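Shown next, in structure tokens, is the structure this report addresses.
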Amino acid sequence: MHSRGTFPFSAIVGQEDLKLALCVNAVDPLLGGALIRGERGSGKTTVVRALGGILPIQRVVVGCRYRCDPDDRGAMCAACAALGQVPVATERMRLVELPVSATLDRVVGGIDIEAALRHGVTRFSPGILAAANRNVLYLDEVNLISDGVVDALLDAAASGVNTVEREGISVTHPARFVLVGTMNPQEGELRPQLLDRFGVCVDVRGFADVEQRAEVAEREAAFRRRDPGFAARYEQADRDMAVSIEAARAGLGGVSIAPALARMISQTCVDAGVAGHRADVVMHHAAMALAALRSRRRATSADVGDAAALALPHRARRPIERRVPVPPQDGQNDPAEPPQTRPDPGNIEMHQPRVPRLCSPDDAKDRSGDGTAPPADAAPQPPPEGGDAKDSGAHGDADTGEGGRLVTAALAGKVEVPLVELRRTRRARAASGKRMLSQATDHRGRYVRSRAQDPVTDVALDATLRAAAPHQIGRGRGPGEPLRLHRDDLRQKVREHKVGSLVVFLVDGSASMGARERMAMTKAVILSLLHDAYVRRDRVAAIVFRGRSAQTVLEPTSSVSVAQRQLAELAVGGSTPMAHGLWSAYQLIRRAQHLDPTLRPLLIMVSDGYPNVAMSDGDPYRECMDIAERIGRDRIDALVVDSARPALADVAVPMYEDLRPAACRALAERMGAAYFPMTRMSANQLGRLVIRLRVRR
Amino acid sequence: MTLERRAYPFTAIIGQEPMKLSLILNAINPGIGGVLIRGERGTAKSTAARALAALLAEQVVVEGCEYGCDPDQPDGFCDQCRARAEAVGGPLPRATRRMRVVELPVNASEDRVVGTIDLEAALTTGAKRFEGGVLGAAHRNVLYVDEVNLLDDHIVDVLLDAAAMGVNVVEREGFSIAHPARFILVGTMNPDEGDLRPQLLDRFGLCVDVTGMTDVDSRVDIADLRTRWDRDPAAVSLEFEPREEALRTRIRDAIKRCPDIEVPRAVRRVIAHLSILLEVDGHRADLVLARAAQALAAYEAAGVVDVQHVGAVAKMVYEHRRPERLAGESMSGLMNRVIAAEARRTHGTPVQQLPALRPINI
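Residue numbers (our numbering), protein chains in the order written: chain A, 89 to 785; chain B, 21 to 382.
Here it is in structure tokens:
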């Protein structure tokens with residue numbers, strides 16, 4: 089692998105927390121690693137790679153492929169453990185990268201194909217987990233790594249070993265590594281088990297200060313063109329830093345933490361509402377590593393404060409009030425130890441007692457389950473495209489009541505109304521949180537692993553080779569001859585691709601109270617959903633029913649700009665052809681499912697529920713119920729938003745001969761849909777509701 | 021075997037100045053990160069990509085190298101060339117080849133893009149050999165990705181990763197390999213068919229929107245020239261050859277000059293200011309804008325980058341990165357605001373006011 093050159097760690101502008109988070113892990117590999125969250129282009133990957141330049145040297149067993157630790161017999165591989173005296177050398181700790189597209193066989197290791205083919209022996213070919221032992225394992229885009237690989241990583245991280253049982257291989261080897269991951273929260277959540285695995289967590293973002301931005305760009309350019317002055321200055325600083333880390337490592341064993349500070353740690357964790365006890369342990373480790381870095385033998389309250397800022401961002405479930413940790417009484421700041429005995433290489437700062445900085449307000453977006461809160465006001469409407477005087481009012485109805493152009497109404501308050509769940513039969517789906525992966529049966533999607541099956545329709549050649557390799561000599565193959573494959577050797581590629589959903593809005597455009605508000609709200613929710621849809625390949629469609637028909641005003645799309653264009657003018661008025669609407673929606677969904685059988689549609693009807701136009705000669709209400717029955721039978725997920733006032737929802741309204749109540753609730757029941765009475769239209773509420781439904785499915 | 025088709029001359033493309041400029045700048049410095057061309061059909065997108073490759077035409081490669089390494093850039097050698105260089109102890113044998121356009125089909129699978137096991141070698145001789153994919157073929161060429169918004173996300177990821185790093189790292193199916201992959205990335209899409217994820221959009225260096233021309237005279241010229249071409253391509257090629265050669269030389273000189281052109285701190289501040297104003301995420305835009313301005317300065321044989329250069333390319337850099345609500349403001353209006361603010365801030369020599377974004381001579 090030719091050298092790309094690594095950006096020097098000490099040349100990183102700012103980002104003190106991030107640098108500290110990485111340094112403490114270099115000092116204490118048992119701390120648990122670091123998760124770095126940040127938007128695109130915030131330099132996460134650059135900093136982690138830069139870490140590779142300041143990692144310390146450590147003792148290893150000579151010639152061991154896993155670089156076993158000569159001072160830890162319990163963690164040795166079988167070969168080293170068998171030796172009495174082990175030859176020792178020193179080697180620099182390094183960064184091992186796991187790319188997003190890595191397949192499981194490269195991660196855990198597998199059979200050495202060449203050895204099998206040539207000599208007929210089954211020999212283990214180590215994978216990335218082997219290379220990572222005693223090193224730093226870097227997972228880029230950790231939230232996008234396939235589940236199978238994540239499972240293998242979690243296993244190894246928890247147990248400290250990697251066990252391989254595949255392709256005729258049975259091997260266990262040590263796999264202790266410092267886990268460092270980066271992710272962009274906008275691209276999806278991390279599984280809770282994986283999230284918890286990371287000792288510390290730092291949130292980064294780009295700079296909003298002109299000087300800092302300019303400095304970042306200038307240093308990057310100097311690095312790229314290999315400016316000699318730049319290299320000389322920062323490479324020296326990096327070397328000094330590596331020395332500091334080595335010294336801190338050596339001194340770590342002698343660092344202690346006073347009982348009062350230990351109490352402070354646990355109190356902080358309780359206040360933050362963390363789950364389990366891992367946070368406490370991490371803070372202990374971190375506080376001591378910080379003390380070691382700062383050349384002290386006792387941890388101080390400043391160290392604890394910094395440790396909290398590092399260990400809690402991904403664990404705190406309650407915001408902590410801003411209070412400075414009060415130093416306990418038994419002066420543990422030993423006056424005999426001067427604060428700094430080594431020249432400060434310039435990047436490890438003496439922090440003042442700091443308030444543990446927890447989730448920023450932006451983080452509310454990142455938590456799974458709450459989803460994004462759509463803006464309270466709908467986005468200002470862009471001017472309608474020139475010449476695009478859409479005649480969506482070309483329904484030329486004699487019945488047109490209010491008519492007119494849609495106006496964005498300011499949307500009302502934020503009273504939370506509980507969702508009424510009617511009896512629903514829900515299929516169990518193996519959905520992993522928000523990622524709704526499905527094992528694709530066609531040839532689309534990422535190849536994640538292989539499996540033996542009959543018949544094989546999508547050959548995994550590498551796995552097939554590995555299966556066939558050990559048997560070649562036995563099957564009488566000579567050197568240079570074609571491979572002798574048996575049917576049993578064939579392996580099928582298992583692929584994964586994200587399943588998208590289709591959210592269909594069915595909106596009552598008839599003349600009634602709040603018709604305009606209904607439209608405005610629906611539109612706002614659609615637009616905010618589409619912004620969110622980037623992450624998931626979702627599409628949104630919209631159908632409006634009014635007058636005597638239903639019209640698809642937005643064909644399924646994932647494009648915000650298309651939606652804005654198509655929904656620019658939506659007329660309201662006329663009577664209520666709800667059956668037409670339901671039928672159109674049903675057909676649209678069926679069509680979409682036909683094109684993609686893995687699709688997960690969600691139907692959302694917004695209406696006040698007084699159907700008075702039928703498709704045929706029958707009773708409008710009964711027609712609606714019939715179609716609702718079909719929707720329910722087809723198990724299409726649905727939500728009915730009842731915009732009639734609650735006082736009237738169960739009271740008969742004299743529109744029918746036999747005085748039936750508004751239809752929404754009954755329809756919802758028949759559809760097996762969720763039912764949500766919503767009197768004052770709020771895009772916020774509806775948006776959140778839709779997201780809850782999507783996440784849960 | 022594909023026939024060697026004659027490419028329509030780059031200098032014969034009428035109009036579409038922003039698109040042409042974006043391609044030229046990338047040719048000067050592929051580190052800019054490629055260009056995403058958004059627009060309807062029939063707007064010369066693929067014609068321009070092919071024309072560019074034909075324009076840059078001849079390049080010197082290491083003889084026998086699968087990736088076409090540049091013998092004069094030993095830092096960028098693939099592993100095999102590096103090993104050979106060490107063994108030989110001197111310069112490696114040279115050959116010439118033509119730059120070409122490597123296409124990535126919409127339904128490409130990951131192993132075809134990234135590279136995979138050599139099927140034939142494996143089955144016939146049992147040897148485990150790596151066979152480079154599209155990324156391997158694309159090194160030092162143009163990689164043209166049509167309908168990039170219809171590609172599977174993970175493939176676009178892999179593509180953009182390689183484009184950013186200049187290397188393709190393969191850790192799959194039993195291989196652990198890295199090879200150079202520095203190419204001019206050209207992606208196209210029709211925005212009506214869906215958007216690209218913001219994270220992926222951000223990784224394209226530049227973005228230009230193209231539409232058919234509405235000026236009747238230009239349309240007539242385009243149709244006329246195209247017809248002449250269809251009838252006698254050799255004649256049209258000959259007719260444009262002097263212009264092609266002039267452009268070719270200009271680009272070559274710019275490539276040599278580019279790395280040494282200074283980007284003054286004051287200019288970097290203007291760039292930073294713009295990014296903050298436009299509320300872009302992260303720092304990529306700043307880096308790309310500086311590189312693009314530098315490439316433009318090289319193209320215009322300027323000794324140093326100034327605000328004019330920044331202004332000329334800013335729109336292409338921010339087009340796909342800023343939020344919808346700021347889409348309306350004109351770039352020159354923004355630039356003037358920023359320059360004025362900077363002048364106030366520094367109280368120093370005010371950076372010059374931009375009257376209007378002046379057109380570039382291509």
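Every residue, glycine too, gets a C-beta built ideally from N, C-alpha and C.
Note that the coordinates shown come from a computational prediction; the quantities given were computed from them, not determined experimentally.
Secondary structure of A/Cys-289 (DSSP, three-state): strand. As the crow flies, the alpha-carbon of B/Pro-125 is around 50 Å from that of A/Val-701.
Fewer than three Cβ pairs drawn from the stretch 79-91 of chain B and the stretch 39-52 of chain B lie within less than 8 Å of each other, which leaves the two stretches out of contact.
A/Ser-637 has its alpha-carbon roughly 14 Å from the corresponding atom of A/Ala-599. In the structure shown, the three-state DSSP call for B/His-303 is coil.
Nearest to B/Phe-203 by alpha-carbon distance, out of B/Ala-363, B/Ala-69, B/Thr-136, is B/Ala-69. By the C-beta density criterion, A/Lys-107 is buried, having at least 16 other C-beta atoms within 10 angstroms.
Under the 10 Å beta carbon count, A/Leu-171 is surrounded by fewer than 16 other beta carbons and is classified as exposed. One finds Asp-222, Asp-301, Gly-302, His-303, Arg-304 in chain B with Cβ atoms closer than 7 Å to the Cβ of A/Gly-129, taken in chain order. Distances from the alpha-carbon of A/Ile-692 to those of A/Arg-753, A/Thr-664, A/Val-778, A/Val-331 put A/Val-778 closest. Remark: C-beta atoms of A/Pro-689 and A/Ile-677 approach each other more closely than 7 Å. According to the DSSP assignment, A/Phe-311 belongs to no beta strand (DSSP E) but to the alpha helix (DSSP H) extending over 298-312. DSSP places A/Leu-171 in the coil class of the three-state scheme, outside both helix and strand. When 7 Å is used as the limit between beta carbons, A/Val-188 is near these residues of chain B: Asp-177, in chain order. For A/Ser-647, the closest Cβ of chain B is nearer than 7 Å. Between A/Thr-191 and B/Arg-192, the gap from beta carbon to beta carbon is short of 7 Å. Cβ atoms of A/Val-188 and B/Asp-138 stay farther apart than 8 Å, at about 24 Å. Across the structure, B/Ile-291 and B/Leu-309 are spaced so that their CA atoms are roughly 7 Å apart. Counting along the chain, the unbroken beta strand (DSSP E) around B/Gly-207 starts and ends at 204-209.
For A/Arg-147, the enclosing beta strand (DSSP E) begins and ends at 145-149. Secondary structure note for B/Met-185: its alpha helix (DSSP H) is the uninterrupted segment 173-185. Counting only the Cα atoms, B/Leu-180 lies some 23 Å from A/Val-648.
By the Cβ test, the stretch 203-218 of chain B is not in contact with the stretch 204-223 of chain A, since fewer than three Cβ pairs between them sit closer than 8 Å. The stretch 660-667 of chain A makes no contact with the stretch 230-237 of chain B, as fewer than three CB pairs between them are under 8 Å. Listed along chain A are Tyr-622, Ser-646, Ser-647, Val-648, Ser-649, each with a C-beta nearer than 8 Å to that of B/Asp-215. Counted as a single uninterrupted DSSP element, the beta strand (DSSP E) harbouring A/Asp-730 occupies residues 725-730.
Interface annotation, A/Ile-257: not in contact with chain B, CB-CB separation never under 7 Å. Its Cα nearest to that of B/Ala-334, the residue B/Val-300 stands out among B/Val-300, B/Ala-321, B/Val-324, B/Asp-212. The alpha-carbon of A/Ile-614 is positioned some 49 Å away from that of B/Cys-98. Interface annotation, A/Asp-550: in contact with chain B, CB-CB separation under 7 Å. Taking a cut-off of 8 Å on C-beta distances, the stretch 259-278 of chain B does not touch the stretch 255-269 of chain A, as fewer than three cross pairs fall below it. Distance from the Cα of A/Arg-222 is smallest, within the candidate group A/Asp-359, A/Asp-157, A/Asp-550, for A/Asp-157. The contact set of B/Leu-316 on chain A, defined by CB atoms closer than 7 Å, is empty, because the minimum CB distance reaches about 15 Å. Inter-residue distance for A/Leu-186 and A/Val-268 is about 10 Å (C-alpha atoms, whole angstroms).
Non-local beta-carbon contacts of A/Val-176 in its own chain, meaning distances under 8 Å to residues more than five positions away in sequence, involve Arg-147, Val-148, Val-149, Val-150, Pro-158 in chain order. Counting C-beta pairs with one atom in each stretch, the stretch 294-308 of chain A and the stretch 341-349 of chain A have fewer than three that are closer than 8 Å, which means they do not touch.
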